[in-house]
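Down below is the structure, laid out as structure tokens.
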Amino acid sequence: MLTREDFTGVLRNAIAGLGFDQDAAMVTFPIELFLVDSDISPVEARFEEFVQGLTAWEPAVKTPGLVRPPGPRVEGATHAEAAARMNQLFLEKLWGDGLPLVPPDQATVAWVLQGTDRDPADVVGQVLPRGGIATVETLAVTLAMAGGRPEYLPVLIAAMEAMLDPAMEHDKWQATSASTYPVVIVNGPVREQIRLNTGFGLLGPDPRHPAGASIGRALRLLQQNVGGALPGTGTMAVFGAMRYTNAVFGEDEEGLPPGWAPLAAERYGRAADVSSVTVYPATGATNILRRGVGKETLEEEARASLLRIAGYLRSPNAHYIWGWSQGTPGAVLIPRVVARQLAEQGWSKASVREFLWEHSAIPLAELRETEIVRWMEQSTDPAIMAGLKDPWPIAREPEGILLAVAGGGHPTHAFWMQAMAPAVANREVQLPRAWERLIAARAG
Amino acid sequence: MPTLDLYNPTGATEITRVHAPRLDTLEGKTIGFVSNDSWQAHRTLALLRELLQGRFPTAKIVPFSEFPMGNSHIDSEATADLVQEKQLDAVIVGNAA
Chain A
1 MLTREDFTGV LRNAIAGLGF DQDAAMVTFP IELFLVDSDI SPVEARFEEF
51 VQGLTAWEPA VKTPGLVRPP GPRVEGATHA EAAARMNQLF LEKLWGDGLP
101 LVPPDQATVA WVLQGTDRDP ADVVGQVLPR GGIATVETLA VTLAMAGGRP
151 EYLPVLIAAM EAMLDPAMEH DKWQATSAST YPVVIVNGPV REQIRLNTGF
201 GLLGPDPRHP AGASIGRALR LLQQNVGGAL PGTGTMAVFG AMRYTNAVFG
251 EDEEGLPPGW APLAAERYGR AADVSSVTVY PATGATNILR RGVGKETLEE
301 EARASLLRIA GYLRSPNAHY IWGWSQGTPG AVLIPRVVAR QLAEQGWSKA
351 SVREFLWEHS AIPLAELRET EIVRWMEQST DPAIMAGLKD PWPIAREPEG
401 ILLAVAGGGH PTHAFWMQAM APAVANREVQ LPRAWERLIA ARAG
Chain B
445 MPTLDLYNPT GATEITRVHA PRLDTLEGKT IGFVSNDSWQ AHRTLALLRE
495 LLQGRFPTAK IVPFSEFPMG NSHIDSEATA DLVQEKQLDA VIVGNAA
């Protein structure tokens, strides 16, 4: 394998994800070799290494089997000292995120496991590219580390199941150079039961609504520790995005105008009393000042604000290609005050999406000038080139754009989280039999 | 002395495949190139082909043009089947950057 020096972590993960041990015969070079018009003479200078790779290289593991790494033991003069040593150790082992972790000891993990009736050994899935096997216990361990509570576990399990849906192709956005992060939009009663935020500051931090932070942090730690998405080696995310806690929040269902259905209901037919998560990988987060100065009519402001939002969507973003047919170009969030104003003027979620879809289409000349068309030509989705028109819509249909009512009760801003999403996945949140007792026991 | 017995957060891994044994020599062998058509692979793999043919004149080299090219295309069972169909003894894959 001919590869870049700092890319070997990605390759080792990919190889492990295929079922091999984390190694292969590689010849590595610095990034300069791989650039346009580069000097490739180093390939000739190191030709012998390629020959050795085919004739003499030896793998470390030569027999198949399950590898279960043991957990560490840490001691200290006091519990606090032991916990401090644990945090230092976890950083050295690259298991942390730089913030303090809660020690995942037997008692803490057993406490978190109260959040599910599932067997701890149940396999939730294999997290790529590394291919680590995430069990219910693995998720409880990680949620414990992230400072989570047992009542958060059902949402974490559902979010991980959604993330691992084969259509999501999570291996690609785990390892990509794009700075992706999973967005988890929660619908149903569980939002209030576990104190997920749907209003002001819903992307965090918010001490009154801590669930989203712990669940999102656990998800990120799972991506890293089980899936191998370590910055610079397992994931090539150039900037990292908001990866500490990802984005986990609830839709403001209580703020939906009459006739505006919750996201999970309109896309997946979920009933009001069923809790579920809708998950997709985002690559950005943009605040949009949508409000007028207050001297226009409501209709003028509504149209102008939607045009303004559409302007943010209308960007030569090559990532739209991946989600064009089956996924999404991203999610728009609008607060309840805005949703109600729009609804009173006759707008529905569908008509808002239709408007945004129509007015975010990108002129073909711009797609050619920015070489986006070349990316389209490389796509394995035949619908991309077949659907090429002027202007080009950012999704095959308006329904591709996710629209949720969320955020504080203030009309000034909307929010756009663009995507690199071949699919959007939804999973029901499965609650334990003792759920009512569990949420009654929560502090505060 | 307080002791913390901790879980390992990395989950288990299952090794289901082992790497193919190495060749004793490249003379007389059939060696293929599979390209993701990215990061100057059209230059580096072409150079390697030339070097291999020069060093091992009895080797049969199957160029990357005889396989699908591009990340999405080579990541397929079809490409793997074609590699087997051409009875390659070894494959060099590039470029991963």
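Each protein sequence line maps, in turn, to chains A and B.
For the first sequence, this note's numbering gives the first residue as 1, with consecutive numbering after it.
For the second sequence, this note's numbering gives the first residue as 445, with consecutive numbering after it.
Where a beta carbon is used, it is the ideal one built from N, C-alpha and C, also for glycine.
Values in this document were obtained by computation on a predicted structure and should not be read as measured data.
Under 9 Å (Cβ pairs) to chain A, residues found in the stretch 445–470 of chain B: From the stretch 445–470 of chain B, only 445, 446, 447, 448, 449, 450, 451, 452, 453, 454, 455, 456, 457, 458, 459, 460, 461, 462, 463, 466, 467, 468, 469 and 470 have a Cβ closer than 9 Å to chain A.
Just to confirm, are residue 160 of chain A and residue 221 of chain A a CB contact at a threshold of 8 Å? One-based indexing of the first sequence puts residue 160 of chain A at position 160. One-based indexing of the first sequence puts residue 221 of chain A at position 221. Between residue 160 of chain A and residue 221 of chain A, the CB-CB gap reaches or exceeds 8 Å.
Could you work out which residues of chain B lie near residue 63 of chain A, taking near to mean beta carbons separated by less than 9 Å? As a first step, residue 63 of chain A is located in the first sequence; it is residue number 63 there, counting from the start. Counting only Cβ-Cβ distances below 9 Å, residue 63 of chain A has contacts in chain B at 459 and 462, in chain order.
To the nearest angstrom, how far is it from the Cα of residue 381 of chain A to the Cα of residue 422 of chain A? Here residue 381 of chain A corresponds to residue number 381 of the first sequence, with the count starting at 1. Here residue 422 of chain A corresponds to residue number 422 of the first sequence, with the count starting at 1. One C-alpha to the other measures close to 11 Å.
Quick one: what's residue 543 of chain B bridged to in DSSP? No statement about residue 543 of chain B is possible, as the shown extent of chain B runs from 445 to 541 and does not include it.
Partners in chain B for residue 203 of chain A, counting only beta-carbon separations shorter than 9 Å: In the first sequence, counting from the first residue as 1, residue 203 of chain A sits at position 203. Per Cβ cutoff of 9 Å: no residues; residue 203 of chain A is ~25 Å from chain B at best.
Under 8 Å between beta-carbons, which chain A residues line up against residue 486 of chain B? List them in chain order, please. Locating residue 486 of chain B in the second sequence gives position 42, where the first residue counts as 1. None at all; the shortest Cβ gap to chain A is about 11 Å.
Indicate whether residue 466 of chain B and residue 57 of chain A have their beta-carbon atoms separated by less than 8 Å. As a working note, residue 466 of chain B is residue 22 in the second sequence. As a working note, residue 57 of chain A is residue 57 in the first sequence. Yes, these two residues count as a Cβ contact at 8 Å.
In chain order, what residues of the same chain have a beta carbon less than 8 Å from the beta carbon of residue 556 of chain B, not counting five sequence neighbours either side? Residue 556 of chain B lies beyond the residue range present for chain B, which begins at 445 and ends at 541; the question has no answer from this structure.
8 Å is my cut-off, CB to CB: does residue 59 of chain A come that close to chain B? What you label residue 59 of chain A is simply residue 59 of the first sequence in a count that begins at 1. Yes, because at least one Cβ of chain B sits closer than 8 Å to the Cβ of residue 59 of chain A.
Is there contact between the stretch 246–262 of chain A and the stretch 165–185 of chain A, where contact requires at least three CB pairs shorter than 8 Å? Verdict: yes, contact present.
May I ask you to list the residues that DSSP assigns as paired with residue 416 of chain A? By 1-based counting over the first sequence, the position of residue 416 of chain A is 416. Per DSSP, A:286 and A:332.
By Cβ distance, which residues of its chain are closer than 6 Å to residue 156 of chain A, with the 5 residues on each side in sequence left out? Here residue 156 of chain A refers to the residue found at position 156 of the first sequence. Within its own chain, the residues whose Cβ lies closer than 6 Å to the Cβ of residue 156 of chain A, once the five positions on either side in sequence are excluded, are 139, 143, 215 and 218, listed in chain order.
Take residue 424 of chain A as the anchor and find which of A:17, A:384 and A:323 has the nearest alpha-carbon. Numbered from its first residue, the first sequence carries residue 424 of chain A at position 424. Selected option, being the one with the closest Cα: A:323.
Chain-ordered residues of the stretch 343–374 of chain A with a beta carbon less than 7 Å from chain B: Across the stretch 343–374 of chain A, no CB contact with chain B closer than 7 Å is found for any residue.
Roughly how many angstroms lie between the CA atoms of residue 238 of chain A and residue 32 of chain A, to the nearest whole one? Along the first sequence, read from residue 1 onward, the residue named residue 238 of chain A stands at position 238. Along the first sequence, read from residue 1 onward, the residue named residue 32 of chain A stands at position 32. Taking the straight line from one Cα to the other gives about 17 Å.
Beta-carbon neighbours of residue 105 of chain A, restricted to chain B and to distances below 8 Å: As a first step, residue 105 of chain A must be located in the first sequence, where it is residue number 105. By Cβ distance, chain B contributes 448, 449, 450 and 451.
Buried or exposed, going by whether 16 or more other CB atoms sit within 10 Å of the CB of residue 447 of chain A? Nothing can be reported for residue 447 of chain A, as the shown portion of chain A is limited to 1 through 444.
Please state the DSSP three-state secondary structure of residue 471 of chain B. For the purposes of this step, residue 471 of chain B is identified with residue 27 of the second sequence, where counting begins at 1. Residue 471 of chain B: coil per DSSP, three-state reduction.
DSSP three-state call for residue 124 of chain A: helix, strand or coil? For this step, residue 124 of chain A is matched to residue 124 along the first sequence. Per DSSP, reduced to three states, the secondary structure at residue 124 of chain A is strand.
Ignoring anything shorter than 3 residues, give me the beta strand (DSSP E) runs that lie fully in the stretch 116–175 of chain A, in order along the chain. Correct list: 123–127 and 132–135.
Among A:53, A:229 and A:312, whose alpha-carbon lies nearest the alpha-carbon of residue 469 of chain B? As a first step, residue 469 of chain B must be located in the second sequence, where it is residue number 25. When each option's Cα is compared against that of residue 469 of chain B, the closest is A:53.
Residues that residue 215 of chain A bridges to, as DSSP identifies them: Your numbering for residue 215 of chain A matches position 215 in the first sequence. DSSP lists no bridge partner for residue 215 of chain A.
7 Å Cβ shell around residue 46 of chain A - same chain, five flanking residues per side excluded: Here residue 46 of chain A refers to the residue found at position 46 of the first sequence. Closer than 7 Å at Cβ, skipping near neighbours: 27.
Since residue 459 of chain B is in the beta strand (DSSP E), which residue starts that stretch and which ends it? As a first step, residue 459 of chain B must be located in the second sequence, where it is residue number 15. Taken as a continuous stretch (DSSP letters only), the beta strand (DSSP E) holding residue 459 of chain B covers 457–459.
Cβ contact check for the stretch 482–501 of chain B and the stretch 118–131 of chain A: 3 or more pairs under 8 Å: With the cut-off at 8 Å, the stretch 482–501 of chain B and the stretch 118–131 of chain A do not touch.
Return the residues of the stretch 520–541 of chain B that lie within a Cβ-Cβ distance of less than 8 Å from chain A, sorted by chain order. Those would be 534, 536, 537, 538, 539, 540 and 541, in chain order.
Listed by chain order, chain A residues near residue 516 of chain B by CB distance under 8 Å: Taking the first residue of the second sequence as position 1, residue 516 of chain B is located at position 72. Those within 8 Å of residue 516 of chain B in chain A are 378, 379 and 380.
Show which residues of chain B have a CB atom less than 8 Å away from the CB atom of residue 71 of chain A. In the first sequence, residue 71 of chain A corresponds to position 71, counting from 1. Result: 449, 450, 451 and 452.
Nearest chain B C-beta to residue 54 of chain A closer than 8 Å, yes or no? Along the first sequence, read from residue 1 onward, the residue named residue 54 of chain A stands at position 54. Interface residue, yes.
On the premise that residue 430 of chain A lies in contact with residue 330 of chain A, defined as a C-beta separation below 8 Å, what is that separation, rounded to the nearest angstrom? In the first sequence, counting from the first residue as 1, residue 330 of chain A sits at position 330. In the first sequence, counting from the first residue as 1, residue 430 of chain A sits at position 430. Residue 330 of chain A to residue 430 of chain A, Cβ: 28 Å. No contact.
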